[in-house]
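Protein chains: 2
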Amino acid sequence: MKAGGFILASKRLIGIDLGGTTTKFAFIDEDGNILTKWSIPTDISDSGSQIVPNMIKSIADQMRREDYNTNDFIGIGMGTPGAVDREKGTVVGAFNLGWDQVQQVGPTITEGLGLPIAIDNDANSAALGEYWKGAGDKADDVVFVTLGTGVGGGVVTNGKLVHGINNGAGEIGHICVQKNGFLCTCGKRGCLEQYASATGVVKVAKSLAKRFTGKSRIKELIDGHEDLTSKMVFFLADNGDILANQIVNEVCSYLGLALSHVGNTLNPENIIIGGGVSNAGNTLLQPTTRYFQENAFKSVRDSTKLKLAQLGNDAGVIGAASLALKFKNDNAL
Amino acid sequence: MKAGGFILASKRLIGIDLGGTTTKFAFIDEDGNILTKWSIPTDISDSGSQIVPNMIKSIADQMRREDYNTNDFIGIGMGTPGAVDREKGTVVGAFNLGWDQVQQVGPTITEGLGLPIAIDNDANSAALGEYWKGAGDKADDVVFVTLGTGVGGGVVTNGKLVHGINNGAGEIGHICVQKNGFLCTCGKRGCLEQYASATGVVKVAKSLAKRFTGKSRIKELIDGHEDLTSKMVFFLADNGDILANQIVNEVCSYLGLALSHVGNTLNPENIIIGGGVSNAGNTLLQPTTRYFQENAFKSVRDSTKLKLAQLGNDAGVIGAASLALKFKNDNAL
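For the record, the sequence lines run as chains A and B.
No gaps in the numbering here: position 279 of the first sequence is 279 in my numbering, and each next residue is one more.
No gaps in the numbering here: position 284 of the second sequence is 1284 in my numbering, and each next residue is one more.
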């Protein structure tokens, strides 16, 4: 862009990924490339009252360090736990942050930094990140499912995030995969989250170990009341433990089934699996794909691809930053 | 709109709803109101070679009868069975029409009538109709499921139809609702279509009748090898037949479960149930809503409404006509 004979560099975006332990930040260019990234611990003391002031200070400090001012930025995008009012920029019910009352996150940050801000929930932000710069390949229709402590999701159709009438779109973790199955924290039974989250995998392990009669390191750990993690289950499956393989198979059968429901509804080009459990890689992806294909309608089976997420921990800040692209025209020179 | 001192009336749309038995037509105004509607039998003889010529003739005749010429219309929209190439305007694999080879439907109609045409599949057209003028209330996110001979569906998000990468979006009839359940025509087992279509209801009836030990008119009909229809099942359920009520309950449990998967994925404002089976009204809707609520995540359960379709047989022509709205600007005076 030229103005008065000078060539002006394109502006930057600021992405914030607010988590219960760490708050991640990045300065990102308009093409979604990370220019700088950093993080600070999330201070959840005093009902999380320091979270927003700490964010503002951290961004202001970083801008000063890099000799930037507000004119160098288009705006801020942020992903957060809890329920977001996207119009007002408020957040409520983010209990892991201590935010049980409505928080004026957006207005406070805009006042503090002089930049417009767009806020969405963390699963949607990560979905946008993978859609924009990761495994989503900017396909028109992409679904993102994240297997972490819980199971979350984000849905992009016709190139746009779907929120639903009550921000309930993407609640893939609460698709029922087993009638009268494990009791979920949401009050229902048999939700995917109880089988395919990090804690879900351990639940499946304990359930199957009871009936297992052979020799297995997993069974030894459980019988000895030692700690068991989903990571160990996948590691032992890779190393030939029979019970571990049965557990992985069961987890993937539920995940593949739930994703087939999503596939039969939307036939997205890509369904992207992210979150900590997805670090298991092909040990998770292959059997899940098999069960997905077994349950997907022909035209879906032949076209919708299951993929592992590519951006890891950066998906959140990149996707959050993409929310701020909407301010581009408002701020045009 | 004024031009040269005359007030020009707004233009019309033509909607075509092509079915295996009947082809329905309508002239529709830009607000979606039907001005004229009529239908002709669908001639599927000779591999359906007369279908398109018959359509052209029928529309041309009607235009002449009403003293219209092409300038009075924006364009044509059409819903059809089979697989549609929306860009080329071709249709293939509509076996109930005898169309097993690629048909140049769009180009032929445009050549014959001098009007642009947009084609989509019949379930999507009906979904658009209900979205535009029926139970959808033009909400941003609406899902339509049609319970007829089979079970089809259409998905609208952010106000736009979702097709998916291979036109497989809305294949709600092939969501698996019962592991190792009834064999479906698609080759999979336990598809919703095998439980909630008109033939599916009868299948459920026969299956439950085997185990039923009490007195039931349905059991008498089945044991006597007499004809049984889904309509009779719902009628008898309304009249206190115990087995009929068990059948309806089972059908609705599967339908409610499948719709909860759709709800947890998209949280649409409305999920609209249409097709012949939906003529059962509240006898179908109430238990389905109960099972939907039992399986939907809290934020979805509290916001997504299940509704009966409102347009009946007109949904197809109205929705098809809406496809032609995209020609409005091209054809502007």
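By construction, the Cβ of each residue, glycine as well, lies at the ideal position given by its N, Cα and C atoms.
Pair within 7 Å by beta-carbon distance, A:V143 and A:V262: Within the first sequence, numbered from 1, the residue matching residue 143 of chain A stands at position 143. Within the first sequence, numbered from 1, the residue matching residue 262 of chain A stands at position 262. Closer than 7 Å, so yes.
Interface positions of the region 1036–1054 of chain B facing chain A (Cβ-Cβ less than 7 Å), listed along the chain: none
Best match in A:A258, A:S253, A:V277, A:F297 for proximity to A:Y291 [C-alpha to C-alpha]: As a working note, residue 291 of chain A is residue 291 in the first sequence. Out of A:A258, A:S253, A:V277, A:F297, A:S253 has the C-alpha closest to the C-alpha of A:Y291.
A:G275, buried or exposed, once every other Cβ within 10 Å from all chains shown has been counted against 16: On the first sequence, residue 275 of chain A is found 275 positions in, with the first residue counted as 1. That one is buried.
For B:R1086, three-class secondary structure by DSSP: For the purposes of this step, residue 1086 of chain B is identified with residue 86 of the second sequence, where counting begins at 1. B:R1086 falls in the coil class under three-state DSSP.
Chain B contact for A:S303 (CB, 7 Å cutoff): Walking along the first sequence from the start, residue 303 of chain A turns up at place 303. Yes, because at least one Cβ of chain B sits closer than 7 Å to the Cβ of A:S303.
Cβ of A:L306 within 7 Å of any chain B Cβ: Start at 1 with the first residue of the first sequence, and residue 306 of chain A comes out as number 306. No, no contact with chain B.
Cut-off 6 Å between Cβ atoms - residues of its own chain near B:T1070, not counting five sequence neighbours on either side: Within the second sequence, the letter at position 70 stands for residue 1070 of chain B. The residues are G1114, L1115.
Identity of the residue in A:G190, A:T80, A:V248 nearest A:A280 by Cα: Residue numbering aside, residue 280 of chain A sits at position 280 when the first sequence is read from its first letter. That would be A:V248, whose Cα lies nearest to the Cα of A:A280.
Stretch pair the region 163–173 of chain A + the region 293–313 of chain A: three plus CB contacts closer than 8 Å: no
C-alpha distance - A:A320 paired with A:E193, whole-angstrom precision: In the first sequence, the residue the question calls residue 320 of chain A occupies position 320. In the first sequence, the residue the question calls residue 193 of chain A occupies position 193. Each residue's alpha carbon lies about 24 Å from the other.
For A:I222, three-class secondary structure by DSSP: Looking up residue 222 of chain A in the first sequence gives position 222. Of the three classes helix, strand and coil, the one that applies to A:I222 here is helix, per DSSP.
CA-to-CA distance, B:I1318 to B:T1023, given in whole angstroms: Mapped onto the second sequence, residue 1023 of chain B falls at position 23. Mapped onto the second sequence, residue 1318 of chain B falls at position 318. Cα to Cα, B:T1023 sits roughly 13 Å from B:I1318.
Min CB distance A:N295 to chain C below 7 Å: Structure shown: chain C not included; protein chains present are A and B.
Residue range of the unbroken alpha helix (DSSP H) whose run includes A:S10: Within the first sequence, numbered from 1, the residue matching residue 10 of chain A stands at position 10. Run containing A:S10: none; DSSP gives neither H nor E here.
Members of the region 246–271 of chain A that neighbour chain B once the beta carbon cut-off is set at 9 Å: L257, A258, S260, H261, V262, G263, N264, T265, L266, N267, P268, E269, N270
Reference A:N96, options A:E111, A:D46, A:I109, A:Q62, closest by Cα: Residue numbering aside, residue 96 of chain A sits at position 96 when the first sequence is read from its first letter. Nearest of A:E111, A:D46, A:I109, A:Q62 to A:N96, Cα basis: A:D46.
Closest Cα partner of A:G200 within the set A:K160, A:H174, A:G48, A:G15: In the first sequence, the residue the question calls residue 200 of chain A occupies position 200. Selected option, being the one with the closest Cα: A:H174.
Interfacial residues, the region 1114–1144 of chain B to chain A, with Cβ spacing under 9 Å: A1139, D1140, D1141, V1143
Coarse secondary structure for B:S1039, derived from DSSP in three states: Counting from one through the second sequence, the residue named residue 1039 of chain B turns up at place 39. In this structure, B:S1039 counts as strand in the three-state DSSP scheme.
Any C-beta of chain A under 7 Å from that of B:S1335: Since the first residue shown for chain B is 1001 and the last is 1333, residue 1335 of chain B is missing from the structure and cannot be characterised.
Start-to-end residues for the beta strand (DSSP E) that takes in A:N121: Looking up residue 121 of chain A in the first sequence gives position 121. From DSSP, the beta strand (DSSP E) with A:N121 extends over 117–121.
Where B:N1158 meets chain A, residues with beta-carbon distance less than 8 Å: Taking the first residue of the second sequence as position 1, residue 1158 of chain B is located at position 158. Chain A residues near B:N1158: T157, N158, K160, V162.
Terminal residues of the alpha helix (DSSP H) in which A:V201 lies: On the first sequence, residue 201 of chain A is found 201 positions in, with the first residue counted as 1. 198–211 is the extent of the alpha helix (DSSP H) around A:V201.
3-residue-minimum beta strand (DSSP E) runs that sit fully inside the region 1237–1303 of chain B, ordered along the chain: 1270–1274
Option nearest B:P1287 by Cα separation, candidates B:S1299, B:G1077, B:I1051, B:F1234: Sequence index remark: in the second sequence, residue 1287 of chain B carries index 287 (1-based). Ranking the options by Cα distance to B:P1287, first place goes to B:F1234.
B:K1002 (DSSP reduced to helix, strand or coil): Position 2 of the second sequence, counted from the first residue, corresponds to residue 1002 of chain B. Since pLDDT at B:K1002 reaches only 41, below the 50 mark, its modelled position is unreliable, and no value is offered.
Reference B:K1138, options B:D1017, B:N1270, B:A1169, closest by Cα: Indexing the second sequence from 1 puts residue 1138 of chain B at position 138. Of the listed residues, the one whose Cα sits closest to B:K1138 is B:N1270.
Closer than 7 Å to chain A by CB, B:N1180: Here residue 1180 of chain B corresponds to residue number 180 of the second sequence, with the count starting at 1. No, B:N1180 lies away from the interface with chain A (no Cβ there is under 7 Å from its Cβ).
Proximal residues of chain B, C-beta to C-beta of A:I175 below 9 Å: Walking along the first sequence from the start, residue 175 of chain A turns up at place 175. Under the 9 Å cutoff, chain B gives S1260, H1261, N1264, T1265, N1295, F1297.
CA-to-CA distance, B:G1170 to A:T265, given in whole angstroms: Counted from its first residue, the first sequence places residue 265 of chain A at position 265. Counted from its first residue, the second sequence places residue 1170 of chain B at position 170. Going by the C-alpha atoms only, they are around 5 Å apart.
Minimum Cβ-Cβ distance from A:V300 to chain B less than 7 Å: In the first sequence, residue 300 of chain A corresponds to position 300, counting from 1. It does: the Cβ of A:V300 has a partner Cβ on chain B nearer than 7 Å.
Beta-carbon proximity check, B:T1108 vs B:I1117, cutoff 7 Å: In the second sequence, counting from the first residue as 1, residue 1108 of chain B sits at position 108. In the second sequence, counting from the first residue as 1, residue 1117 of chain B sits at position 117. No.
Interface flag, A:N365 vs chain B, CB-CB below 7 Å: With chain A running from 1 to 333 in the structure shown, residue 365 of chain A is simply not present.
Distance, B:L1147 Cα to B:I1222 Cα: Within the second sequence, residue 1222 of chain B is the residue found at index 222, counting from 1. Within the second sequence, residue 1147 of chain B is the residue found at index 147, counting from 1. Using only the alpha carbons, I get a separation of about 23 Å.
Pair within 7 Å by beta-carbon distance, B:I1056 and B:K1328: Within the second sequence, residue 1056 of chain B is the residue found at index 56, counting from 1. Within the second sequence, residue 1328 of chain B is the residue found at index 328, counting from 1. No, these two residues do not count as a Cβ contact at 7 Å.
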